[in-house]
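Colleague:
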Amino acid sequence: EDKVVQSPLSLVVHEGDTVTLNCSYEVTNFRSLLWYKQEKKAPTFLFMLTSSGIEKKSGRLSSILDKKELSSILNITATQTGDSAIYLCAGRGSSNTGKLIFGQGTTLQVKP
Amino acid sequence: NAGVTQTPKFRILKIGQSMTLQCTQDMNHNYMYWYRQDPGMGLKLIYYSVGAGITDKGEVPNGYNVSRSTTEDFPLRLELAAPSQTSVYFCASSYSTIPDQPQHFGDGTRLSIL
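Listed in order, the protein sequences are those of chains A and B.
Residues 1 to 112, numbered by my numbering, are exactly what the first sequence covers, in order.
Residues 113 to 226, numbered by my numbering, are exactly what the second sequence covers, in order.
(1) Considering only the beta carbon of each residue, do M139 (chain B) and Y201 (chain B) sit closer than 8 Å?
(2) Taking only the alpha-carbon atoms, compute the straight-line gap between T20 (chain A) and L190 (chain B) and give it to the nearest angstrom.
(3) Quick check on A42 (chain A) - is its C-beta less than 8 Å from some C-beta in chain B?
(4) Note down, in chain order, every chain B residue with its Cβ under 7 Å from the Cβ of F102 (chain A).
(5) Below 8 Å between beta carbons: does that hold for L70 (chain A) and E1 (chain A)?
(6) Thinking C-beta only, is I158 (chain B) closer than 8 Å to L188 (chain B)?
(7) Within 8 Å of any Cβ in chain A, is that where the Cβ of D219 (chain B) sits?
(8) Which whole runs of the alpha helix (DSSP H) in the stretch 64-108 of chain A are 4 residues long or more, in chain order?
(9) Mind reading off the beta-carbon distance from A164 (chain B) to T183 (chain B)? Whole number of angstroms is fine, and I expect it under 8 Å.
(10) Counting only beta-carbon atoms, is V162 (chain B) nearer than 8 Å to chain A?
(11) For S206 (chain B), decide whether its Cβ has a neighbour in chain A, counting only Cβ atoms nearer than 8 Å.
(12) Where does S196 (chain B) land, buried or exposed, given buried means 16+ other C-beta within 10 angstroms?
(13) Take G128 (chain B) and list the residues in its own chain whose beta-carbon comes closer than 6 Å to its own, dropping the five residues that flank it on each side.
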């Protein structure tokens, strides 16, 4: 059975800290891994990773995929209170349905 | 752009009642999905559709039904509501799977069954 596991499940840091969120996956015929940020409502898309070792970056956020280790990390540098959210990782296999398998999410709280 | 719109935002149902959660998208996306999110459990796929007239079960379909008569709309029906269906429901859509595209989510419907 396909599964995605995130760690830690929750994290509390102070503004300015750097955090690393982990995601490991077991997805049949793996094709891509996606990261989403969820604040009060809808998950919003951050990154989609398909190739191993290529870093995707957007401002203070970056992510990389390691296909050998079946894992991905999401880094946030110089954290701000606005980074407080649930971060969701999802894996996608090669079927043409586009279905995503989500991890449990990591709840990040950034204190001032 | 409206994107993915879900109604209602909140609803309280009594055990045994039925209701339909509405989802519509204006992005001409072929692929649509229904998820439920329980605390600490991530999102679980209930049903999905790869185009008008085509639907299929996800991980947790029991107690739910869907239909897809148009590209824009993908309603989720709960028959005989049970307390275990208390959850936040998200609808999502994407344009294609080749090449891979991210799914875009609605704001969710918070449903309580009492």
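Don't be surprised by glycine CBs; every beta carbon is placed ideally from N, CA and C.
Modeller: Put simply:
(1) no
(2) So the two alpha carbons sit approximately 39 Å from each other.
(3) yes
(4) The answer, in chain order, is G154 and L155.
(5) no
(6) A contact, by the Cβ cut-off of 8 Å.
(7) With 8 Å as the cut-off, D219 (chain B) counts as an interface residue toward chain A.
(8) none
(9) 5 Å
(10) yes
(11) It does: the Cβ of S206 (chain B) has a partner Cβ on chain A nearer than 8 Å.
(12) When all chains shown are included, S196 (chain B) counts as exposed.
(13) L192
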